[in-house]
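**Student:** Provided herewith is a single structure, encoded as structure tokens, for subsequent inquiry.
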Amino acid sequence: MLSPVILIPAILNGLLTGAVYALIALGLTLIYGVLHIINFAHGALLTAALFAAYFTQKLFGIDPYLAAFALAPLFFVLGYALQRFVIGPASHGDDRNMLLVTLGLAVIIENALLYAFHADTRTIDVRYSFETIAVGGSFLALPRVIGLGAVLIVALLLWALLRLTDTGKAIRAVAKEKLGAELSGIDVAHIYAMTFGLGTACLAVAACLLIPTYYVNPHVGNAFVLVAFTIVVLGGMGSVPGALIGGLFIGVVESLSGLYLGESLGQIGIFLIFILVLLVRPSGLFGERA
Amino acid sequence: MSALLAIDGLHAGYGPAEVLRGVDLEVGPGEIVAVLGSNGAGKSTLNRAISGVVRARSGSIRFDDAAVTNHKPSAIVARGLIHVPEGRRIFPNMSVAENLDLGSYRRATARRAQNRERVFTIFPRLRERHAQRAGTLSGGEQQMLAIGRGLMAEPKLIILDEPSLGLSPQLVEQLFALIARINAEGLAVLLVEQNVMQSLDVAHRAYILENGRIVMSGSPADIRANPDLRRAYLGL
Chain A
87 MLSPVILIPA ILNGLLTGAV YALIALGLTL IYGVLHIINF AHGALLTAAL FAAYFTQKLF
147 GIDPYLAAFA LAPLFFVLGY ALQRFVIGPA SHGDDRNMLL VTLGLAVIIE NALLYAFHAD
207 TRTIDVRYSF ETIAVGGSFL ALPRVIGLGA VLIVALLLWA LLRLTDTGKA IRAVAKEKLG
267 AELSGIDVAH IYAMTFGLGT ACLAVAACLL IPTYYVNPHV GNAFVLVAFT IVVLGGMGSV
327 PGALIGGLFI GVVESLSGLY LGESLGQIGI FLIFILVLLV RPSGLFGERA
Chain B
25 MSALLAIDGL HAGYGPAEVL RGVDLEVGPG EIVAVLGSNG AGKSTLNRAI SGVVRARSGS
85 IRFDDAAVTN HKPSAIVARG LIHVPEGRRI FPNMSVAENL DLGSYRRATA RRAQNRERVF
145 TIFPRLRERH AQRAGTLSGG EQQMLAIGRG LMAEPKLIIL DEPSLGLSPQ LVEQLFALIA
205 RINAEGLAVL LVEQNVMQSL DVAHRAYILE NGRIVMSGSP ADIRANPDLR RAYLGL
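Taken in order, these protein sequences are the chains called A and B.
Residue numbering for the first sequence is 87 to 376, as defined by the working numbering.
Residue numbering for the second sequence is 25 to 260, as defined by the working numbering.
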């Protein structure tokens, strides 16, 4: 057993890492819950968002945290347009085709980024990259603490949108009863696109939170989305609170298994959990049983 | 008097199967019109074609003096033609009040509060359960909610698709009384039912649909009097 001096910071750091995982998973689970497809383009869109955050800082000197306020609406519009004018029409009325279209989009986006920016790994320098704050004897990276706060705010905003606005109610209605929603005058194609836009906006925020301490190359998004997918399965496919709690949990698992097994094996714990969930409780923590 | 809903030579179906083979039908303002027919006659397809969920292959649908053939369902709802579907199709994960709110998503949004009050007056049970998840309601309550959700849009014409399905005889009695009541307030009703006798009691006119065609139409008295129909559909 390790001493609390090591264990507590590891858990706290895990929670902070998990927050950004949770945000990525939130977008994925929202799209799954409403469109009932796994969005294979999620990783590529995260990569695109990381490049966007990188270049707004490099070219215009805009701080990533500030850039989030512009990039989130921009990526919302991008996601909306992708679903409304590309994924939806290319699926020809069969929702199952959307899955394949997102897979195709992922290939196109990744290769376009590779063509434009090559395989180089890039980082930005901001003065607070290595700043830490002390919390109860543990030193925590400042950008990650900001990340946790931002993720909680985004989750709260998303919750309020889904509960309190007509659009949010329409999203929840389409998720469970598409025909009933259509006959109530809800334009399902519009709601699909709104949902895809919200999921993509989550990625833009996640990218702005990641870029101060992380790097970007044309394939970087995939590693995150693999973890996010585990979180979605753990939390329950389509469950928003499941994604949030699952994300924090997976962050702690990664941190602790890194501590016990060594940093390079940290992710093993995540996939052990993934297999365990599939064996024991395939509907996830907050999922409805089929 | 021009018809509120006028369907002319409507053909529709799924894939290679043609279900409707030239349906002509009219509903006038303030009328209750019943469409009767056995399972598989095409009643649900007719409703879905009217509300834009199923494409019309040929023929035309006019509503309130405008062509609505193959318009999007949301555009048809916006005009005031509301289809309360078979199987209720309420939102099980949401509260009764939220279900009603979404009834006025496209129309009459500004008068949501007063229309909700009106629905609660018609269905006091829904007021009692307004905060409850709709999925936990009984079958009869879910049917009330589905109709209430339809009324929230202040429809000019409401299509009720098999509203009596799965209800107890006592609830069926109440349902038909309710249909007469909302009609008395001026609302036109297209009632699609297997419950032939009670539908004929409440309707002003009726159509018999068979294999995707209208085989007879007329007043309830005409239909009751026809010996062939009595045997084939009315089980008398």
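We treat Cβ as the ideally placed atom computed from N, Cα and C, and that holds for glycine.
Values in this document were obtained by computation on a predicted structure and should not be read as measured data.
1. What are the start and end residues of the beta strand (DSSP E) that includes B:Ile-31?
2. Could you give the residue range of the beta strand (DSSP E) that holds B:Phe-200?
3. Is A:Ser-270 close to chain B? Criterion is C-beta to C-beta, closer than 8 angstroms.
4. Find the nearest neighbour of A:Tyr-118 within the set A:Asn-99, A:Phe-155, A:Phe-282, judged by alpha-carbon distance.
5. Name, please, each residue of chain B whose Cβ falls closer than 9 angstroms to the Cβ of A:Lys-262.
6. Determine the burial state of B:Arg-79: buried for a count of at least 16 other Cβ atoms within 10 Å of its Cβ, exposed for fewer.
7. Can a CB atom of chain A be found closer than 8 angstroms to the CB of B:Leu-253?
8. Name the residue from A:Gly-324, A:Gly-307, A:Gly-355, A:Leu-351 whose alpha carbon lies nearest to the alpha carbon of A:Glu-379.
9. How many whole angstroms separate the CB atoms of B:Ile-85 and B:Leu-34, which I take to be in contact at a CB cut-off of 8 angstroms?
10. Can you find the residues in the same chain that come closer than 8 angstroms, C-beta to C-beta, to B:Gly-39, ignoring five residues on each side of it along the sequence?
11. Output the boundary residues of the alpha helix (DSSP H) element that contains B:His-107.
12. Which residues mark the beginning and the end of the beta strand (DSSP E) in which A:Phe-225 is found?
13. Could you give the distance in angstroms between the alpha-carbon of B:Ala-27 and the alpha-carbon of B:Pro-148?
14. Between A:Arg-375 and the rest of its own chain, which residues show a CB-CB distance below 8 angstroms, the 5 nearest in sequence each way excluded?
15. Any C-beta of chain A sitting closer than 8 angstroms to the C-beta of B:Glu-122?
16. Measuring alpha carbon to alpha carbon, tell me which of B:Arg-248, B:Ser-241, B:Gly-236 ends up nearest B:Ser-62.
17. Would a check of beta-carbon distances place B:Tyr-129 closer than 8 angstroms to chain A?
18. In chain order, which continuous runs of the alpha helix (DSSP H) of length 4 or greater are located wholly inside the stretch 108-159 of chain B?
19. If I follow the unbroken beta strand (DSSP E) through B:Ala-177, where does it start and stop?
20. Report yes or no: do the stretch 171-181 of chain A and the stretch 107-117 of chain A share at least 3 C-beta pairs separated by less than 8 angstroms?
21. I'd like the span of the beta strand (DSSP E) that includes B:Val-43, first residue to last.
22. Is it true that the CB of A:Leu-109 sits closer than 8 angstroms to the CB of A:Val-240?
23. Do A:Thr-286 and A:Phe-162 have their beta-carbon atoms positioned less than 8 angstroms apart in this structure?
24. Quick check on DSSP: helix, strand or coil for B:Asp-185?
25. Against chain A, does B:Val-47 count as a neighbour if the rule is that its beta carbon must be under 8 angstroms from one of theirs?
26. State the beta-bridge partners of B:Ser-241 as determined by DSSP.
27. Pull out every residue of the stretch 185-199 of chain B whose Cβ sits closer than 9 angstroms to any Cβ of chain A, in chain order.
28. Where DSSP assigns a beta bridge to A:Leu-247, which residues make up the other side?
29. Does B:Phe-87 come out as helix, strand or coil in the three-state DSSP assignment?
30. Inspect the beta-carbon positions of B:Ile-232 and B:Met-221 and report whether they are closer than 8 angstroms.
31. Taking contact to mean at least 3 C-beta pairs separated by less than 8 angstroms, is the stretch 310-327 of chain A in contact with the stretch 225-232 of chain A?
32. Under a three-way DSSP split, which group does B:Ala-80 fall into?
33. A:Arg-213 touches chain B at which residues, Cβ-Cβ below 7 angstroms?
34. Under three-state DSSP, which class holds A:Leu-362?
35. For B:Ile-114 versus B:Arg-173, is the C-beta spacing smaller than 8 angstroms?
36. Have a look at the DSSP bridge pairing and note the partners of A:Thr-218.
**Tutor:** In short, the structure shows the following:
1. On the second sequence, position 7 is the one that residue 31 of chain B refers to. Where B:Ile-31 is concerned, the enclosing beta strand (DSSP E) stretches over 29-38.
2. Taking the second sequence and counting its residues from 1, one reaches residue 200 of chain B at position 176. Looking at the DSSP string, B:Phe-200 is not in any beta strand (DSSP E); the run it does join, the alpha helix (DSSP H), is 193-208.
3. Reading the first sequence from its first residue, position 184 is the one you call residue 270 of chain A. Interface residue, yes.
4. As a working note, residue 118 of chain A is residue 32 in the first sequence. It is A:Phe-282 whose Cα lies nearest to the Cα of A:Tyr-118.
5. As a working mapping, residue 262 of chain A is identified with position 176 in the first sequence. Result: Phe-115, Pro-116, Asn-117, Met-118, Gly-159.
6. Taking the first residue of the second sequence as 1, we reach residue 79 of chain B at position 55. Result: exposed.
7. Locating residue 253 of chain B in the second sequence gives position 229, counting from the first residue. Between B:Leu-253 and chain A, the shortest Cβ-Cβ separation is not below 8 angstroms.
8. For chain A, the structure presents residues 87 to 376; residue 379 of chain A sits outside this window and is missing.
9. In the second sequence, residue 85 of chain B corresponds to position 61, counting from 1. In the second sequence, residue 34 of chain B corresponds to position 10, counting from 1. With a Cβ gap of about 7 angstroms, B:Ile-85 and B:Leu-34 count as contacting.
10. Sequence index remark: in the second sequence, residue 39 of chain B carries index 15 (1-based). None.
11. Along the second sequence, one-based indexing puts residue 107 of chain B at 83. In the DSSP assignment, B:His-107 falls outside any alpha helix (DSSP H) and within the unbroken beta strand (DSSP E) covering 105-108.
12. For this step, residue 225 of chain A is matched to residue 139 along the first sequence. In the DSSP assignment, A:Phe-225 falls within the unbroken beta strand (DSSP E) covering 224-227.
13. Within the second sequence, numbered from 1, the residue matching residue 27 of chain B stands at position 3. Within the second sequence, numbered from 1, the residue matching residue 148 of chain B stands at position 124. Distance between B:Ala-27 and B:Pro-148, taken at the CA atoms: about 34 angstroms.
14. Working through the first sequence from its first residue, we reach residue 375 of chain A at position 289. Its pLDDT being 49, under 50, A:Arg-375 is placed unreliably by the model, and the measurement read from it follows with that caveat. Scanning its chain for C-beta atoms nearer than 8 angstroms, with the 5 sequence neighbours on each side dropped, one finds around A:Arg-375 the residues Ser-369, in chain order.
15. Numbered from 1 along the second sequence, position 98 holds the residue referred to as residue 122 of chain B. Cβ-Cβ to chain A under 8 angstroms: yes for B:Glu-122.
16. Position 38 of the second sequence, counted from the first residue, corresponds to residue 62 of chain B. In terms of CA proximity to B:Ser-62, B:Gly-236 leads the group B:Arg-248, B:Ser-241, B:Gly-236.
17. Within the second sequence, the letter at position 105 stands for residue 129 of chain B. At least one chain A Cβ lies under 8 angstroms of B:Tyr-129.
18. Taking only runs of at least 4 residues, the alpha helix (DSSP H) segments lying wholly in the stretch 108-159 of chain B are 120-127, 136-146, 148-152.
19. Translated into positions along the second sequence, residue 177 of chain B becomes position 153. Careful: B:Ala-177 lies outside any beta strand (DSSP E) and carries neither H nor E.
20. In this structure the stretch 171-181 of chain A does not lie against the stretch 107-117 of chain A, because fewer than three pairs of beta carbons, one per stretch, are closer than 8 angstroms.
21. Counted from its first residue, the second sequence places residue 43 of chain B at position 19. Here the beta strand (DSSP E) through B:Val-43 covers 41-51.
22. By 1-based counting over the first sequence, the position of residue 240 of chain A is 154. By 1-based counting over the first sequence, the position of residue 109 of chain A is 23. Cβ atoms of A:Val-240 and A:Leu-109: closer than 8 angstroms.
23. Locating residue 162 of chain A in the first sequence gives position 76, counting from the first residue. Locating residue 286 of chain A in the first sequence gives position 200, counting from the first residue. Yes, Cβ-Cβ distance for A:Phe-162 and A:Thr-286 is below 8 angstroms.
24. By 1-based counting over the second sequence, the position of residue 185 of chain B is 161. Three-state DSSP puts B:Asp-185 in a strand.
25. For the purposes of this step, residue 47 of chain B is identified with residue 23 of the second sequence, where counting begins at 1. Output row for B:Val-47: interface = no.
26. Locating residue 241 of chain B in the second sequence gives position 217, where the first residue counts as 1. Bridge partners of B:Ser-241: B:Tyr-231.
27. Residues passing the 9 angstroms Cβ filter: none.
28. Reading the first sequence from its first residue, position 161 is the one you call residue 247 of chain A. A:Leu-247 has no beta-bridge partner at all, per DSSP.
29. Counting from one through the second sequence, the residue named residue 87 of chain B turns up at place 63. Three-state DSSP puts B:Phe-87 in a strand.
30. Position 208 of the second sequence, counting from 1, holds the residue named residue 232 of chain B. Position 197 of the second sequence, counting from 1, holds the residue named residue 221 of chain B. Their beta carbons are not under 8 angstroms apart, which means B:Ile-232 does not touch B:Met-221 by this criterion.
31. Three or more Cβ pairs closer than 8 angstroms define a contact, and the stretch 310-327 of chain A falls short of that threshold against the stretch 225-232 of chain A.
32. Translated into positions along the second sequence, residue 80 of chain B becomes position 56. DSSP places B:Ala-80 in strand when its eight states are reduced to three.
33. Stepping through the first sequence from its first residue, residue 213 of chain A is reached at position 127. Neighbours of A:Arg-213 on chain B: none; closest Cβ ~47 angstroms, over 7 angstroms.
34. The sequence position of residue 362 of chain A within the first sequence is 276, counting from 1. If DSSP states are grouped into helix, strand and coil, A:Leu-362 belongs with the helices.
35. Here residue 114 of chain B refers to the residue found at position 90 when the second sequence is read from its first residue. Here residue 173 of chain B refers to the residue found at position 149 when the second sequence is read from its first residue. For the 8 angstroms CB-CB criterion, B:Ile-114 and B:Arg-173 form a contact.
36. Reading the first sequence from its first residue, position 132 is the one you call residue 218 of chain A. Bridge pairing for A:Thr-218: A:Ala-227 [DSSP].
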